[in-house]
Structures are given as structure tokens and as C-alpha cells.
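Accompanying notes for the structure given below.
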Amino acid sequence: MCGIVGSIGKINTRKYLIDGLYSLDYRGYDSAGLAFLDSSNELKIFKAVGKVEVLDSIAPKEFESSIGIGHTRWATHGAPNETNCHPHVSSHKEIAIVHNGVIENYRALKTRLMGYGYSFESETDTEVIANLLEFNYRKNHDVLDGIRRTIDELEGSFALAIIVKDQPDRLYFMKRSSPLFIGLGDEYKLLASDAVPMIKYTNKFVDLKDDEYGYISKEEVALFKGYDKLEPEITHQSPEFLNRDLGDNPNYMIKEIQETPQVITRLIDNYFDGEKFLFNPKMIEAIKKSDDIIFIACGTSYHASLMGVKYMQYLGKRSEAYVASEWAYFPVFTSKKPLYILLSQSGETADLIRCQKIINSRGSINIAITNTKGSTIERNATFSCLLFSGLEIAVASTKVFSAQVCLLALLTGAIEKHTNVVTHLSVVTSALEKIIENKQDIENIASKIENASMIFFIGRGNDYIASMEASLKMKEISYMHCEAFAGGELKHGPIALVDKDTCLIAFNSDMSTNLALRNNVKEIEARGAKSFVISYSSFMKDDDAFLVDNVKSYLSTIVMVFVSQYLAYYVTLHKGLNIDKPRNLAKSVTVE
Ligand code: F6R
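When you line the sequence shown up against my numbering, it's residues 1 to 592, in that order.
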């Protein structure tokens, strides 16, 4: 799961590559590297372990070049050291490549190539592609033929930008499963894993499909699949949704949390015209006709899908949610007319892509709910609903969680023809605005919990779902040990863990469970833990830690999770950790 860029033609190669890598480092930041041909067509390579900043500091400040490639890595095969860092060069130094993806048959290919005298320096699967490309190219000195043969031999996923040393006027590419886009300028052409690095230079793109390959040059795009030459299909992207400006914000996470009210308003505008909902009627019909609505997702998106289950059950539908990495290997087929809803911010999560392949192979209807137009999951779904949330760059998903729940609520309203969901969501945006005003109080709670040895998050009903998401967010960025429990479950085991160094955060948005939940809090306090209740203001108690305005109970999760995002944010800020890029993680999880 990596990010790649490439450029050819009249453009500042260094600037495009380095800026592009900065914008792609959400895909991994274990190491970064670039390669270019200089004015004498010498291949120059720079590699750095760590974030793009390190590469930026070691690469020459200026270089004369009209062809270059770059890479930011999330390590899969081999440790994040300089040898394993991309670009990788073939044994005879004729070919340099950057790769995003995983080659499944790399061991067999490596053994074969070693038999032909090829040597390997790194532990990566990528070096095998570099050598295989060179081996196939050398058969008749035709690069396109070499690429075609290589595609036929590779098993797995790849998006590649390829420099062939003796062809400085062409930048080659090939793609399967991993995303790859071409950007079209008048006197230059670009490659990147998504449109973001290119949007400053062009709004015309070619979204490459599986097994396509070819080259870009200053003037042209040559596209092939197998032996066929294809006409590139040009699409346009709006810069508005690809904006990376931080503004006055110190980091992306706080920017994205604070954008949530606007994101909800934009989502309403996109799916409701003031009188009626704007969802595809065929999709609504398909949901109505199905006998089982199955949600599949990972991480935060999975937590949003748990709300989807509640909404579908409220409509009287059978519904359940599965974690994608489990369902992918242990799928269950117990209904005659299932309909699958796949939630994914990135639309590129490998576990979910595996599930979608199974679903599509059975001819079942699936709806992709995603923030990423043109992503694999969006493209391969029967229907898709975009979240229009703008780029989410911080690794921890915040505004998109709210957008996912909001979209599911709007969808439920559309199925039921209940437009008052729109009014209810407007109340949510006001409640969120008020939380933003009072964020200092959340920071105070953060100061009181940040030295705990363990944090418990509890709630009942929707608040239990909020607890799960709150716990994930906190552990993901603050590295604190957190657990989420249904309030009533504590006494069935977990309470044994509680001591005076434990902190408890309790979400309390449901009148019917208010008393029971408060009893759970007392039980924990009696064992020496500190507790903090986040409550609806209508049934507050004097010692509650933070109050939120009441919203309709089916939307309370958005509000409670919003508070928890701030809480995780402040704890992490106080600890001085990297908020946007927590250790060991990447934004887009494109490996299983
Ligand atoms: C947590 C987080 C992850 C993602 C998960 C799924 O903050 O961001 O848990 O939610 O990796 O990613 P998507 O939604 O892109 O499929």
C-alpha cells in the first residue's frame, strides 16, 4: 500500500514529484524515493527511510530533468530500510520502477530469474518486476512487448511507473487492481495513484483499468490492453473536492473534525432537493425488494455500518454487519435476495475489495458508500453513493464517519419517504457547532485522562456503537490502551481489570438506559476508577463531565463520536505525538 507519481515533459520534475509524494503519504510513510534521468540521460536515484520530508531534505534542491518517478512506501515485503525503498532498478540498470501493490508469485519468478543470472539486492517483490521487465524487454528490445509479457506472468496487484534508460522520451506504466491515473497537460503528462498530486496541473485525467499498459510522452498517451490499442477515456475532476490546504489549522485531523457540520450540510444538499430525495430510484427499489441487507466494512467504516444495521432493522428488514477481513474468508449466504452495502472512505480497502469480488461473482447487488470517486469499490459496485466530504488526509477517519452515518440516515429516510430526517440532521449540525464552541471543556477532560493506564468507553444501544468508535480513535492516535463495552457487560468480566489508574468515559444519550448506565458508572467508580459522563443535556446530572444538546436518538452516535474525536485529538496533542500520521498505520489499507 504505497503511493506513486511520475512525470514527463515540460514541468518542474522535482516539484511535481516531491509535492506529489507529500500529498500521497497518506498511503504510507515508511520510506520515500525518487528517480529521474538528468540532462545527460544518467539515471539518478535518491532514497530515504522515513517520511517524504527526509527525501525532500536529501534530494538536490534543483535538477534538470524532464522524466521522473517517485514513491512513498508502506512496507509489505521487507523492512522499511534504504535497500527495500523504491525506486528499484533492474540488474543491468536498464529499467527503474516504482510500484504500488503486492506480487503474489514473486518467489517463483525470483527463482526463475536467478537461474538466468539476475541478482537481487532487496527483499521486495518489486525488484522481481524490475528484473522481469528487463528480462522480457531484452527478448526483442521492444518495451511494450516486454510489459505485455510481464503482465501475463505477474499474479497480484500492481500500479507501476517505469523509466527505461535508453528511452528518455517515454514514461511507461502498467496497472492491475492498484489505482493509477494519468493527468493530461499540454506539454507534459503525469502519473499518480490518485488525482490529488495532479490537480494543480490539470483537471483532465485518464483513470486506468486493469491490465492496461502503455506510455506517456510530452505530447501523447499510448494505451494498450493485450494486443489492442485503446482510445483513452478522459474524465474531469473538480478541484474543490481535492483541496489539501490546511488553512490556519495546525494539522489535518483538527481541520477535518471541524469540517463535519459543513460536510453534513453538503451531503444533505447532494441527496435532497428541498422536496424529495435524490437517490437512484432503482437502488431504492432494489433495497426494498431484498430480503437481507448485509453491511461489510473495516474499522471506523464498520462502526458506521453498525448504525446502518439499526436503521434497516427499524424499517423491518433483516440486516447484519460483518468485518470485511472475516467475511472475505468465511462468507455466509443465508438469504435468497441479499443486498450488500459496502462502506469505505477510500474505496480501496483490500479486505473489502476481496468481499466485493465474491459478491459480484455471485451476481448479487451491492451498493458502495464511499468518499472516493473512481475508486475500485465505487467502480465495481452495482450502485454507488458518494460522501462528498472532500479529502480526508489525517489517518484517523473523523468527518467521513459522520458522513457515512448521515448518508445511511438519509437513505433510510428516502426508503420510508420521511423527509423529516433532513430537519433532524440540521439539529445535529447545530449540536456539533456548539461542541466546537465548547471544545476547551473537552480538552480539560483530556488532561485528566491522559495518564490513565487504561480507558474504558461504555454506552448502551447507539452509545455502545459510539463507544467502539471512540475507543478505536483513541488507541489509534494516542496509543493508549482502550476498551469499549456495552454498559451492562462490565460486570460479566471486564470489571476485574478496573483499578484506580483506570478512566471511564460513559456516553449517555438514551433516556431509557440513563439509570442503568449511571449505575454502571457507579460500579466502576466504587473500584477506584475516575469516570467522565458525556450526557444529553435533558437528563444531565451536576457532576457530568460534558453535555451535548439533544438530537434525535437515531443520530446520537454522530454527536457522541464527535466529542470522542476531540478527546482523542487533545490527548494525542498533549502527548506530543504525530496526530495525522500515527505509527504503523496508513490511510488507505490496500493489503489484506
Ligand atoms: C480509523 C480508520 C480505519 C479505517 C479502515 C477502513 O480511523 O481510519 O479504521 O476506517 O481502515 O478504511 P476505509 O473506510 O477506507 O475502507
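All C-beta atoms, glycine included, are put in the ideal place defined by N, C-alpha and C.
Problem set entry | Proximity winner among V89, E592, T412, K61, relative to I284 (alpha-carbon distances) | T412
Exercise. Looking only at its own chain, which residues have a Cβ that is under 6 Å from the Cβ of Y118, when we skip the five neighbours before and after it?
Worked result: S91, N131
Exercise. Apart from the five residues on each side of it in sequence, which residues of its chain come closer than 7 Å, Cβ to Cβ, to K207?
Worked result: Checking the sequence, you will find Asp at residue 207 rather than Lys. So the list reads F181, T235, G374, once near-sequence residues are dropped.
Exercise. What's the gap between the Cα of S478 and the Cα of P168?
Worked result: 47 Å
Problem set entry | Cβ contact (3+ pairs, closer than 8 Å) linking the stretch 245-257 and the stretch 268-276 | no
For this session: List the endpoints of the continuous alpha helix (DSSP H) containing Y302.
Result: 299-314
Exercise. For the ligand F6R, is there a heavy atom less than 7 Å away from the beta-carbon of A381?
Worked result: no
Problem set entry | Unbroken stretches of the beta strand (DSSP E), 3 residues or longer, contained in the stretch 132-216 | 158-164, 171-176, 181-184, 188-192, 204-207, 212-216
Problem set entry | Through-space distance from I445 to N84, alpha-carbon basis | 43 Å
Exercise. Between which two residues does the beta strand (DSSP E) carrying P232 extend?
Worked result: Unbroken run through P232: none, as it is neither H nor E.
For this session: Could you pull out every unbroken beta strand (DSSP E) segment of at least 3 residues lying fully inside the stretch 220-288, listed in chain order?
Result: 221-225, 228-230, 234-236
Problem set entry | Proximal residues to G226 (C-beta, below 8 Å), its chain only, five neighbours per side dropped | R148, D211
Exercise. Cβ of A368 versus every heavy atom of the ligand F6R: is any distance shorter than 7 Å?
Worked result: no
Exercise. For F532, which residues does DSSP report across the bridge?
Worked result: I505
For this session: Would you mind reading off the limits of the beta strand (DSSP E) that contains I393?
Result: No beta strand (DSSP E) contains I393, which DSSP labels as neither H nor E.
For this session: Go to G115, then tell me how far its beta strand (DSSP E) extends in each direction, as first and last residue.
Result: Premise fails: G115 lies in the alpha helix (DSSP H), 106-115, not in any beta strand (DSSP E).
For this session: Quick one: grab the DSSP three-state call for M511.
Result: helix
Exercise. Could you give the C-beta distance for Y536 and I442, rounded to a whole number, given that I count them as a contact under 8 Å?
Worked result: Contact flag wrong, Cβ pair sits at about 16 Å.
Exercise. From which residue to which residue does the alpha helix (DSSP H) around T557 run?
Worked result: 556-575
Problem set entry | Buried/exposed call for R583, threshold 16 Cβ in 10 Å | exposed
Exercise. C385 by DSSP, collapsed to three states: which one?
Worked result: strand
For this session: Measuring alpha carbon to alpha carbon, tell me which of Q313, D125, E94, K276 ends up nearest R107.
Result: D125
For this session: Kindly indicate which three-state DSSP category H86 falls into: helix, strand or coil?
Result: coil
Problem set entry | Three-state class that DSSP yields for N584 in the structure shown | coil
Exercise. Among all residues, which have a Cβ less than 5 Å from at least one non-hydrogen atom of the ligand F6R, and in what chain order do they fall?
Worked result: C298, G299, T300, S301, S344, Q345, S346, T349, A396, S397, V589
Problem set entry | Residue burial classification, P197 (beta-carbon count within 10 angstroms, cutoff 16) | buried
For this session: Tell me, please, whether the stretch 448-467 touches the stretch 516-529 by the rule of three or more beta-carbon pairs shorter than 8 Å.
Result: yes
For this session: Mind checking which residues open and close the beta strand (DSSP E) that includes T370?
Result: 365-370
Exercise. Alpha carbon to alpha carbon, how far is A545 from Q440?
Worked result: 12 Å
Problem set entry | Three-state class that DSSP yields for E320 in the structure shown | strand
Exercise. Between which two residues does the beta strand (DSSP E) harbouring I67 extend?
Worked result: 67-73
Exercise. Pairing CB atoms from the stretch 288-298 with CB atoms from the stretch 338-346, are three or more of them under 8 Å?
Worked result: yes
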